[in-house]
Structures are given as C-alpha cells and as structure tokens.
Amino acid sequence: MDEHDWLAQRFEEHRTHLRAVAYRMLGSRSEADDAVQEAWLRLSRSDTDAIENLGGWLTTVVARVSLNMLRSRKARREESLELRVPDPIVSRADGLDPEHEALLADSVGLALLVVLETLSPAERLAFVLHDMFAVPFEEIAPIVGRTPTAARKLASRARVRVQGEAPAPDADRARQRAVVDAFFAAARDGDFDALVAVLDPDVVLRSDGGALRPGASVVLHGAVAVAESALTFARLSPFVRPVLVNGAAGVLVAPRGRPYSVMGFTVTGGRIVAIDALSDPARLRTLDLARLDE
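Here the sequence shown stands for residues 8 to 301, numbered as in the numbering used here.
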C-alpha cells in the first residue's frame, strides 16, 4: 500500500464522524459532503507527519470549512433563513438503515436543526462541537477567533435557545406514530376538535417551499392555527406515507408517486409540539428517497 492509499484509508475511518459534524453544522447533506471532501483535499496537500491527532485535525478542518459556508450563506441572503427547514434524513418507517443511524447517532431531530438555523454561525459551531461532540473550548476558541471563555459563552447562549425551542421528543416511536396517525385521521375526517386534541397549545408549524413554491413557506403558531391549516390539506391525506424523519415519526406526501412534501413531527408528552415540512421541489429532488422502496 502506497502513502496515498494509506492516507485515504485513514481518512475513510473518520468519514462518518466528519459527515455527522458537518450535517449538524450545515443542516444540508450535500453541503456536508462538500465540507468533508474539502477536508480530504486539504489533508492530501498537508504534511501528515506533523499531524499528531488525525481525527482532531480533520474535525477542526471540517468545522472551519462549515463555519465559512455558514457565514457565506448568511452574507448572500439567497434564502429565507428564518424559514429554512434543513435537509431531512428520510428512512423507512420500520427502522433506520445503517448509514442514517450513524449520521443520527445522537437523535438529531429536525426541530433541533431548525433551531440551530437561527443561531449565529459562531454560536452554532461552539454548541455543535462542544455539546454534541465534546470538543474542549480551548480547541473551539481558535476556530471562531475568540478566547475559550468567549467560546463557552457562545455555546451557553446557543444551549439556552435550544433547550427553550427544541423540546426532546418522546422516546417511544410507536407512541409518536399513533399521535401522527391520529393527526392525519382527524384532518381526513374534518374533525377540528380531534386535531386540536393531538396538538400542543403552543405547537409550531414551519413549512419551507423554497423559491419554486413560495406560497408553501409559512410559520404558524398555536393549535388553532395549525389545525385550521391541516384541514386545508386534508385532500392530501390519501397520499401520506409513514416514514422516519431524522429518526422520528414523519410522513412523505407523494401524490401519484411524486414527492410533494416531507413532514417531520416532534411529539412530546403525547402531543405534537412541532411540525417541520420541506416542500421545496428543488431540494426534494436531492433527497435519497429511492431506498424507501428497497
């Protein structure tokens, strides 16, 4: 085995971890893959003899690349960041495949990723690296150009936002599914009271239609508003297919077999506290939905 092959093999040992870091940083699988690829390019051009901890070095590189991508995204303002629903990880309803399970090892729900989208790039990096991957603040500080104390404060502010706006879902997937099924049954039957009953009073519905479907981009607050909205798309109920979205109960809406929307549900205490829907045709086309039929 020559040096290049040896280095490639070592890099592959870290790929899953690096993709997990980048996905949490960017909320986009394609951008996460780009960040990981950039890390490989930088590694292949580096003096590897000077790298003592390859995993730590690669994590830092991916974090820096992701941070730059986030800052560029904010600067361009090409998308409505307030409404952006991250790329969902869609799996069969009967369980995650190994690739998805590795990517979502610590149950990164779609609602959590939506909250991360509202953080500043530096806050997001500090929170992701420290709270999700236990990277010390002494290593985070130079990435964001702050002192370790300032990096700690960044993560603390992010943590408060996450804890306040991204409640943990019920652990029982069967219970989650029963609540989601009840939601669609009530919508199909036009039963407003039953809809309200399965919704938390402070439920939030976020729908991202992207540039191609701007009318589908909306944020609704409260059980009454969400229930009223659900009644309007009751006609889509026959095309709802149960799936897992980021490891939790969700649905794929596919009239005539064509994906129209992916909806992730956060069920807490037996009620729906968040619904996050991606209806952007351009982004739906990039999702790996073919394996749902395998």
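In this text, a Cβ means the ideal position worked out from N, Cα and C, and glycines have one as well.
Asked: I need the straight-line Cα distance from D40 to T67, nearest angstrom please.; Found: 15 Å
Asked: With a CB to CB cut of under 6 Å and the five nearest residues on each side skipped, what residues in its chain are close to L126?; Found: A165
Asked: For the candidate residues G257, P266, E45, whose alpha-carbon lies nearest to that of D295?; Found: P266
Asked: Once the 5 residues before and after L161 are set aside, which same chain residues still bring their CB inside 6 Å of it?; Found: A129, E130, A133
Asked: Please report the distance separating the alpha-carbon of P245 from that of D196.; Found: 12 Å
Asked: To test your reading of the DSSP string, which unbroken alpha helix (DSSP H) runs of 4 or more residues are found completely within the region 148-202?; Found: 155-172, 180-196
Asked: Report the three-state DSSP secondary structure of R220 (helix, strand or coil).; Found: coil
Asked: Is it the case that the Cβ atoms of V258 and V247 are separated by a distance below 8 Å?; Found: yes
Asked: In angstroms with no decimal places, state the Cα-to-Cα distance between R71 and V43.; Found: 11 Å
Asked: In angstroms with no decimal places, state the Cα-to-Cα distance between R184 and G229.; Found: 21 Å
Asked: Rounded to the nearest angstrom, what separates L313 and E145 at their Cα positions?; Found: For the chain, the structure presents residues 8 to 301; residue 313 sits outside this window and is missing.
Asked: Using the beta-carbon count (16 or more within 10 Å), is V260 buried or exposed?; Found: buried
Asked: Can the beta-carbon of S79 be found less than 8 Å from the beta-carbon of T293?; Found: no
Asked: Give the list of continuous alpha helix (DSSP H) stretches no shorter than 4 residues that lie fully inside the region 229-276.; Found: 230-239
Asked: Using 8 Å as the threshold, is the C-beta distance between A232 and A194 below it?; Found: no
Asked: Can you tell me whether DSSP reads S79 as helix, strand or coil?; Found: helix
Asked: Can you tell me which of A223, L243, R213 puts its alpha carbon nearest to the alpha carbon of L120?; Found: R213
Asked: What does DSSP give as the partner residue(s) for A70 in the beta ladder?; Found: DSSP lists no partner for A70.
Asked: Taking just the CA atoms, how far does R99 sit from P384?; Found: What is shown of the chain runs 8 to 301, which leaves residue 384 out entirely.
Asked: Is there a C-beta anywhere in chain C that falls below 8 Å from the one on D9?; Found: Among the protein chains of the structure shown there is no chain C, as only one such chain exists.
Asked: Buried or exposed for I96, going by 16 or more other Cβ atoms inside 10 Å?; Found: buried
Asked: What do you get for V115, buried or exposed, if any count of 16 or more other CB atoms within 10 angstroms of its CB means buried?; Found: buried
Asked: If V122 sits next to A173, beta carbons under 8 Å apart, how far is it from one beta carbon to the other, in whole angstroms?; Found: 4 Å
Asked: Would you give the residue range spanned by the alpha helix (DSSP H) that R17 belongs to?; Found: 10-33
Asked: Name the two residues that bound the continuous beta strand (DSSP E) containing V280.; Found: 278-285
Asked: Using 8 Å for Cβ pairs, my map puts V69 next to L25. What's the rounded Cβ distance?; Found: 5 Å
Asked: Closest by CA to A234, which one among G63, T156, V211?; Found: V211
Asked: With DSSP as the reference, please indicate the residues paired to S214 in a beta bridge.; Found: V225, A284
Asked: Can you grab the Cα-Cα spacing for the pair E140 / A27, in whole Å?; Found: The sequence given here places Phe at residue 140; Glu does not occur at that position. So the alpha carbons of these two residues sit roughly 10 Å apart.
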